[in-house]
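Here's the structure we're looking at; comments come further down.
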Amino acid sequence: EGKKAHLGDVDLREVDLRWVNLRRANLEWAELESANLRRANLVGANLVGANLAGADLRWANLGRAGLGGADLRGTDLREANLVGAELVRADLRRANMIGANLVRASLIVADLGEADLEGANLRGTHLDGAILTGVKLCRTIRHSWKIYDIKCDYIYFDLKREKRIPEDRNFKIGEFEKYMNNEKMIRK
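Numbering (my numbering), first residue to last: -4 to 183.
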């Protein structure tokens, strides 16, 4: 396994870190804004409180990574592996998470406002207390996901975000959960 890299508080803004192996690295509070971490190995890395806003994490492996309180606004997480990742209180507003694997990830009280989750695997994902207003959920796998006390005014199930649900009003408290748990509400 080797030694773990300790890079906490380091400034790596806009740095090209494609294919880098930072498995189990300590990047707590690191500045990684707009960094290129495409295909990076960040399995088990500590990224608590890190600034990853606008970073490119396409195809990155973030399995079991700690991202609690991290700033991931506008981050490109397409096809990223986030299996078992801890994203409690993370800011994922407007993140591109198309095809991301979030199986058993913890997104408790995370802000996913306007995030694109098209085709994401949310099986067993824990989203209690999360903000989901404006999120795109088309083609997602949501079996056994945990949704309670969700903050959500509306969602989209179409590719172009043209058909808002509900169409002409906002969800009432608890209505999102009821809507999503409705057995007749199966989307492809």
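For each residue, glycine too, the CB sits at the ideal point set by N, CA and C. All values reported here derive from a predicted model rather than from experimental measurement.
Roughly how many whole angstroms lie between the Cα atoms of residue 1 and residue 17? 10 Å
What is the DSSP secondary structure of residue 170, counted as helix, strand or coil? helix
How big is the Cα-Cα spacing for residue 122 and residue 11? 32 Å
So for residue 41, helix, strand or coil by DSSP? strand
Could you check if residue 143 is buried or exposed, using at least 16 other CB atoms within 10 Å of its CB as the buried criterion? exposed
Those residues which DSSP pairs with residue 101 across a bridge: 81, 121
Just to confirm, are residue 20 and residue 7 a CB contact at a threshold of 8 Å? no
By DSSP, does residue 76 sit in helix, in strand, or in coil? strand
Could you tell me whether the Cβ atoms of residue 50 and residue 23 are closer together than 8 Å? Not a contact, by the Cβ cut-off of 8 Å.
Run through the DSSP bridge pairs and tell me what residue 11 is partnered with. 31
Are the beta-carbon atoms belonging to residue 48 and residue 68 less than 8 Å from one another? Yes, Cβ-Cβ distance for residue 48 and residue 68 is below 8 Å.
Consult DSSP for residue 96 and reduce its assignment to one of helix, strand or coil. In the structure shown, residue 96 adopts extended strand secondary structure according to DSSP, grouped into three states.
According to the Cβ coordinates, are residue 103 and residue 83 closer than 8 Å? If you check the CB distance, residue 103 and residue 83 come in under 8 Å.
Given this structure, state the Cα-to-Cα distance separating residue 162 from residue 88, to the nearest angstrom. 22 Å
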